[in-house]
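Colleague:
There are 2 protein chains.
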Amino acid sequence: MSEALFTPHGPSTDRPSERQPLYRQLADQYRRAIGNGVLRPGDRMPSMRAFMQRHGVSLATATESYRELERAALIDARPRAGYFVRVPSTAALPCAAEPDLAMQPGAAAQFVGIHSAISALVSKFQRNPHALNLGGATASPDLYPTDMLQKAAVRALRRRPTLLTAVGPDQGDPALRAIIARRALEAGSQIGADDIIMTHGGVEAMNLALRAVTQPGDTVAVESPCFFGLLQALESLGLRALEIPTSPSTGLAIEALAFALHTHPDIKAVVVVPNLQNPLGSVMPDAHKARLVDLCARAGIALIEDDPYRELVDGAQPPRSLKAWDTDGTVIHCTSFNKTLAPGMRVGWINGGRWHPRIGMLKFAQSRHNEQLSQVVLAGFLETSAYERHLRRLRESLRLQRERMAAAVAASFPDGTRFTPPRGGMFFWIELPREVSSSAFFEAALDDGIRIMPGTVFSNAGRFDHFIRLSCSSADLDLTDEAVRRLGRLAARMAAHAPTR
Amino acid sequence: MSEALFTPHGPSTDRPSERQPLYRQLADQYRRAIGNGVLRPGDRMPSMRAFMQRHGVSLATATESYRELERAALIDARPRAGYFVRVPSTAALPCAAEPDLAMQPGAAAQFVGIHSAISALVSKFQRNPHALNLGGATASPDLYPTDMLQKAAVRALRRRPTLLTAVGPDQGDPALRAIIARRALEAGSQIGADDIIMTHGGVEAMNLALRAVTQPGDTVAVESPCFFGLLQALESLGLRALEIPTSPSTGLAIEALAFALHTHPDIKAVVVVPNLQNPLGSVMPDAHKARLVDLCARAGIALIEDDPYRELVDGAQPPRSLKAWDTDGTVIHCTSFNKTLAPGMRVGWINGGRWHPRIGMLKFAQSRHNEQLSQVVLAGFLETSAYERHLRRLRESLRLQRERMAAAVAASFPDGTRFTPPRGGMFFWIELPREVSSSAFFEAALDDGIRIMPGTVFSNAGRFDHFIRLSCSSADLDLTDEAVRRLGRLAARMAAHAPTR
């Protein structure tokens, strides 16, 4: 789009802080415009003169605004041409390959054996507990509204003194469930507060869903690669995993799943992360979502939707959940505020579809109701517009962090490295040159003071040994940059010294 | 003991409130002496003259002090003899029968089918949601240190602003675990902070213990009667329950268990509440505890100890946990602060014995770490002597509430009613005349505005249909008295009108 169409004076629900200097307020307006896609990579910024006229500011203020945006790596000066919205240098790296759809159908569903690999990983973490963590799944605390949540907690305790000493309601705080139901409506799901059961994070929700629809020995179809926590849950419940090829751009391969449902009639459930798949970062297109829900409904099996990243997808309007296409209770929707709002609070919830009563009983038998305090704090926070403002800022920060990390990876990793830029969130699923084992890479990186996740723990079938998952979870861009460059040099050394195959 | 030996001027860790009138401070001293057994039922109180001299107070103050103790039903005036520590009128009711040890050995272990009964019960609760609850398992909020916990929470939030937005440690807050380990030492268990995993209440701890040592289809030996939550956990995990006779005074019948271990080699675990068994209120003697641990260790099966009521046992020094006799990791100890300190906080923990690593992995797979906020609040509270003071007060309050309820039951329930006074806590396991079905009694009571727990949900084998569990959980003695009297009249009517058998 042309810069002439961009009018940063337009209505904004963000109230500019009175204490911010003017140049920073203006830079923030442009930062938002870039963050939400109103200004796109390669767009020309207004000339200095146009900027001064448009905003009625001095040359000094205009210059400072542009410097601020340059420092944030959002715009670049091109000699004799002016300023442009920065084009991420990820374009320099080839995208990851689409999965080989032929690889799956013959594979047998396996009992999962991932606990020992995770245990080994965790005990290795202890070798260097102060390593910079590029392997996590939540952003650093400074990206979350720490102060506001703290104040909301103090308010809640003052208003309701017996929060800590009176037993709470079984399904969770009614006010919070009402707010969640209202928000689900915006995400395309018609549910009521009574359809929601609060859980100890999304992980407990996922476990309850699996327990509700399977018996030990049953087979569950999962994405490949998939979140290792799901594999752990399957193992601990005695379930078999059938890994379905999953695209780095469009998510689960529906045709491969359809074929698997024919060849494996013992599949009792499919588990999918439709929005910002972990670790791929893919977002399933609406048409795929519709087909997936229809496929599971016809097959009569549960579709378990793990959806904690939906609100981190780039753009002003997050995509819809699979639940939006559900007409007969096929979809069990699991999510939490753990990634989007408060990693220190274990507040998740589940909408159990037609298994709702059984899930309610399992939750009661497994851990009773959740504590009320966190729920009341969140209800207080979510009543205001603060959550939407926070989400916009978080998406902007993560986008900037992703671009910087993508540029650092492109600049420093060896030839043969590939990845598909994710559409939001913080995960990079990076394919290293085939010569580099991710387990050896993990160990060498840890010894060098950087924690990453090796690809081996994202599959039960021994795939992805030359993949790693990086997280751009820190707002300290320079620290992350430097670490990624060190990782790149390490990968280059390992690729060069690998024995020829 | 003679009243002359009682010296209320002795050192006390309770600081008398400066704002309390003198007569109440003195009454409180005697209340404590009665509560902790220094003065026992039937002991003569000092004469008025002796009281005035000993404490240097006026006749008016002495009289008010005694009136206060009379109002609290702690002392009685006997004409021309003076004042005496009240003898609980429970002596007027026959004790419950010891279990029939012959009933068990032939019984087969059953898959549990309790969910539907609980569901039916819960939906019936909805019929009269405002019924007075004499069926609960936690005391009313005014018996817990609401203000102090609230202040501790505000302090914790101020000191550690990122408590809500930073991910917490895997096993739980280290400071809290260190305090728990120190307290466990006092209870006779030699464990370190690393041996403790924090859980979402004692119920999650129990579930993890069962999952760690069993596979679906396995048999678990349980007390009969036992806590219905345990039966729910067994059902949801696909386990069979073998009910072992349990004495209302000494708990699980060890000989019956020994026999069952011979006849049922498929028993994988025994679950026991050694201190204030739910619903019986029994406390297992030390000698029994030692034998039970030894029996399970020799049989090579897990002994799961559910121990949330230990600190509610009457007396200055709570009894020891089974864990105190454990030398080889046979005992898995599960407990929480839910009954003793903060029913609104879901803070439990587990010491997994030799299954500790597996339990750690299951906990991670099932629900990750607990939220830190509650744990930090509790750590702050437990650092001081406030918890011990609270426990003493809570035990005193519960003792008074039990005596009043026992008196009301004895006075108003029909002939044929039996129960053994519990040694602490709040449960009354009452055997009604055989003509009265507890299910019918439950429904009639609920229609009359009183919620009780029918005995049927405390067994998977259809026992205890003419038993009920009452809880003296409220500090409102008169309200409870009146409700118990109504229940007594109801039982009498139902016994009178039952068809002759």
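Chains as they are written, first to last, in UniProt numbering: chain A, 1 to 501; chain B, 1 to 501. Note that beta-carbon positions come from the ideal geometry of N, C-alpha and C, so glycine has one too.
Let me make sure I understand the geometry here. Which of B/251, B/250, B/212, B/204 has the alpha-carbon closest to that of residue 232 of chain B?
Modeller: Reading the second sequence from its first residue, position 232 is the one you call residue 232 of chain B. Closest by alpha carbon: B/204.
Colleague: Establish whether the CB of residue 215 of chain A and some CB of chain B are separated by less than 9 Å.
Modeller: Here residue 215 of chain A refers to the residue found at position 215 when the first sequence is read from its first residue. By this cut-off, residue 215 of chain A is an interface position.
Colleague: What residues in its chain sit with their C-beta under 7 Å from that of residue 127 of chain A, if we drop five residues either side in the sequence?
Modeller: Along the first sequence, one-based indexing puts residue 127 of chain A at 127. Here the set comprises 446.
Colleague: Helix or strand or just coil, what does DSSP make of residue 243 of chain B?
Modeller: In the second sequence, the residue the question calls residue 243 of chain B occupies position 243. In the structure shown, residue 243 of chain B sits in a strand (DSSP, three-state: E or B).
Colleague: Taking CB distances under 9 Å as the criterion, tell me whether residue 526 of chain B reaches chain A.
Modeller: Because chain B here runs from 1 to 501, residue 526 of chain B falls outside it and cannot be looked at.
Colleague: Apart from the five residues just before and just after residue 399 of chain B, which ones in its own chain have a Cβ nearer than 7 Å to its Cβ?
Modeller: Taking the second sequence and counting its residues from 1, one reaches residue 399 of chain B at position 399. Once the five neighbours on either side are set aside, the close Cβ partners of residue 399 of chain B are 35, 314.
Colleague: Under the three-state reduction of DSSP, which class applies to residue 199 of chain A: helix, strand or coil?
Modeller: Here the question's residue 199 of chain A lines up with position 199 in the first sequence. Strand, per DSSP.
Colleague: Start and end of the alpha helix (DSSP H) containing residue 75 of chain B?
Modeller: As a first step, residue 75 of chain B is located in the second sequence; it is residue number 75 there, counting from the start. Taken as a continuous stretch (DSSP letters only), residue 75 of chain B belongs to no alpha helix (DSSP H), being part of the beta strand (DSSP E) at 75-78.
Colleague: How would you label residue 270 of chain B, buried or exposed, when you count the other beta carbons within 10 angstroms and need 16 or more for buried?
Modeller: Along the second sequence, read from residue 1 onward, the residue named residue 270 of chain B stands at position 270. It counts as buried.
Colleague: Taking contact to mean at least 3 C-beta pairs separated by less than 8 Å, is the segment 351-366 of chain B in contact with the segment 226-246 of chain B?
Modeller: Too few Cβ pairs lie closer than 8 Å, so no.
Colleague: DSSP state of residue 467 of chain A, grouped into three classes?
Modeller: The residue given as residue 467 of chain A occupies position 467 in the first sequence. If DSSP states are grouped into helix, strand and coil, residue 467 of chain A belongs with the strands.
Colleague: Work out the CA separation of residue 133 of chain B and residue 490 of chain B for me, nearest whole Å.
Modeller: Position 490 of the second sequence, counting from 1, holds the residue named residue 490 of chain B. Position 133 of the second sequence, counting from 1, holds the residue named residue 133 of chain B. Taking the straight line from one Cα to the other gives about 17 Å.
Colleague: Distance cutoff 9 Å, beta carbons only. Does residue 369 of chain B sit that close to anything in chain A?
Modeller: If you number the second sequence from 1, residue 369 of chain B lands on position 369. Yes, because at least one Cβ of chain A sits closer than 9 Å to the Cβ of residue 369 of chain B.
Colleague: Measure from the alpha carbon of residue 295 of chain A to the alpha carbon of each residue in A/267, A/317, A/312, then state which is nearest.
Modeller: For the purposes of this step, residue 295 of chain A is taken as residue 295 along the first sequence, with counting starting at 1. Among A/267, A/317, A/312, the Cα nearest to that of residue 295 of chain A belongs to A/267.
Colleague: Rounding to the nearest angstrom, what Cα-Cα distance links residue 161 of chain B and residue 176 of chain B in this structure?
Modeller: Counted from its first residue, the second sequence places residue 161 of chain B at position 161. Counted from its first residue, the second sequence places residue 176 of chain B at position 176. Computed Cα separation, rounded: 18 Å.
Colleague: Would you please state the rounded distance, in angstroms, between the beta carbons of residue 418 of chain A and residue 95 of chain A? I believe it to be under 8 Å.
Modeller: Numbered from 1 along the first sequence, position 418 holds the residue referred to as residue 418 of chain A. Numbered from 1 along the first sequence, position 95 holds the residue referred to as residue 95 of chain A. Going by Cβ atoms, the distance from residue 418 of chain A to residue 95 of chain A rounds to 6 Å, so yes, they are a contact pair.
Colleague: What is the DSSP secondary structure of residue 338 of chain A, reduced to helix, strand or coil?
Modeller: Within the first sequence, numbered from 1, the residue matching residue 338 of chain A stands at position 338. Residue 338 of chain A falls in the coil class under three-state DSSP.
Colleague: Shortest alpha-carbon distance to residue 187 of chain A belongs to which of A/397, A/49, A/275?
Modeller: In the first sequence, counting from the first residue as 1, residue 187 of chain A sits at position 187. Taking only the C-alpha atoms, the option nearest residue 187 of chain A is A/275.
Colleague: Figure out for me which residue from B/165, B/198, B/168 has the closest Cα to the Cα of residue 180 of chain B.
Modeller: Reading the second sequence from its first residue, position 180 is the one you call residue 180 of chain B. Comparing Cα positions, the closest option is B/198.
Colleague: Residues in its own chain within less than 8 Å of residue 376 of chain B by CB, not counting five upstream and five downstream?
Modeller: Along the second sequence, read from residue 1 onward, the residue named residue 376 of chain B stands at position 376. Excluding positions up to five away in sequence, the list reads 156, 160, 163, 173, 175, 176.
Colleague: Measure the Cβ-Cβ separation of residue 444 of chain A and residue 494 of chain A and say whether it is below 9 Å.
Modeller: Residue 444 of chain A sits at position 444 when you count from the first residue of the first sequence. Residue 494 of chain A sits at position 494 when you count from the first residue of the first sequence. Yes. Within cutoff.
Colleague: Tell me whether residue 254 of chain A sits in a helix, a strand or coil according to DSSP, three-state version.
Modeller: The sequence position of residue 254 of chain A within the first sequence is 254, counting from 1. Residue 254 of chain A falls in the helix class under three-state DSSP.
Colleague: Would residue 168 of chain A and residue 383 of chain A qualify as a contact pair, given that the criterion is a beta-carbon distance under 9 Å?
Modeller: Taking the first residue of the first sequence as 1, we reach residue 168 of chain A at position 168. Taking the first residue of the first sequence as 1, we reach residue 383 of chain A at position 383. Their beta carbons are not under 9 Å apart, which means residue 168 of chain A does not touch residue 383 of chain A by this criterion.
Colleague: Note down the Cα distance separating residue 366 of chain A from residue 278 of chain B, rounded to an integer number of angstroms.
Modeller: Counting from 1 along the first sequence, the entry for residue 366 of chain A is found at position 366. Counting from 1 along the second sequence, the entry for residue 278 of chain B is found at position 278. For residue 366 of chain A and residue 278 of chain B, the distance between alpha carbons rounds to 18 Å.
Colleague: With DSSP as the reference, label residue 488 of chain A as helix, strand or coil.
Modeller: One-based indexing of the first sequence puts residue 488 of chain A at position 488. Residue 488 of chain A: helix per DSSP, three-state reduction.
Colleague: Rounded to the nearest angstrom, what separates residue 423 of chain B and residue 407 of chain B at their Cα positions?
Modeller: Position 423 of the second sequence, counted from the first residue, corresponds to residue 423 of chain B. Position 407 of the second sequence, counted from the first residue, corresponds to residue 407 of chain B. Spanning the two alpha carbons is a distance of roughly 15 Å.
Colleague: Grab me the residues of residue 93 of chain B's own chain with a C-beta within less than 6 Å of its C-beta, minus the 5 sequence neighbours each way, in chain order.
Modeller: Within the second sequence, numbered from 1, the residue matching residue 93 of chain B stands at position 93. For residue 93 of chain B, where only same-chain residues beyond five positions count, the Cβ hits under 6 Å are 410.
Colleague: Does the Cβ of residue 293 of chain A have 16 or more other Cβ atoms within 10 Å, making it buried, or fewer, making it exposed?
Modeller: For this step, residue 293 of chain A is matched to residue 293 along the first sequence. It counts as buried.
Colleague: Going along chain A, which residues have a C-beta under 7 Å from residue 128 of chain B?
Modeller: If you number the second sequence from 1, residue 128 of chain B lands on position 128. Per Cβ cutoff of 7 Å: no residues; residue 128 of chain B is ~17 Å from chain A at best.
Colleague: Are the segment 312-332 of chain B and the segment 336-351 of chain A touching, with three or more C-beta to C-beta distances below 8 Å?
Modeller: No, the segment 312-332 of chain B is not in contact with the segment 336-351 of chain A.
Colleague: Are residue 236 of chain B and residue 461 of chain B close, meaning C-beta to C-beta below 9 Å?
Modeller: Counting from one through the second sequence, the residue named residue 236 of chain B turns up at place 236. Counting from one through the second sequence, the residue named residue 461 of chain B turns up at place 461. No. Outside cutoff.
Colleague: Count the other CB atoms within 10 Å of the CB of residue 401 of chain B; is the residue buried (16 or more) or exposed (fewer)?
Modeller: If you number the second sequence from 1, residue 401 of chain B lands on position 401. Residue 401 of chain B is buried by the Cβ-count criterion.
Colleague: Using the three-state DSSP reduction, which class does residue 39 of chain A fall into: helix, strand or coil?
Modeller: To locate residue 39 of chain A, count along the first sequence from 1; it is residue 39. Coil.
Colleague: Quick test of your reading: residue 390 of chain A and residue 145 of chain A, contact by CB under 8 Å. State the CB separation rounded to the nearest angstrom.
Modeller: One-based indexing of the first sequence puts residue 390 of chain A at position 390. One-based indexing of the first sequence puts residue 145 of chain A at position 145. That belief holds up - the Cβ atoms of residue 390 of chain A and residue 145 of chain A are roughly 5 Å apart, short of 8 Å.
Colleague: Please tell me whether residue 91 of chain B has its Cβ less than 9 Å away from any Cβ of chain A.
Modeller: One-based indexing of the second sequence puts residue 91 of chain B at position 91. With a pLDDT of only 46 at residue 91 of chain B, under the threshold of 50, the placement of this residue in the model should not be trusted; the figure read from the coordinates follows. No, because no Cβ of chain A sits closer than 9 Å to the Cβ of residue 91 of chain B.
Colleague: Out of curiosity, what's the CA-to-CA distance linking residue 334 of chain A and residue 303 of chain A?
Modeller: The residue you call residue 334 of chain A lines up with position 334 of the first sequence. The residue you call residue 303 of chain A lines up with position 303 of the first sequence. For residue 334 of chain A and residue 303 of chain A, the distance between alpha carbons rounds to 11 Å.
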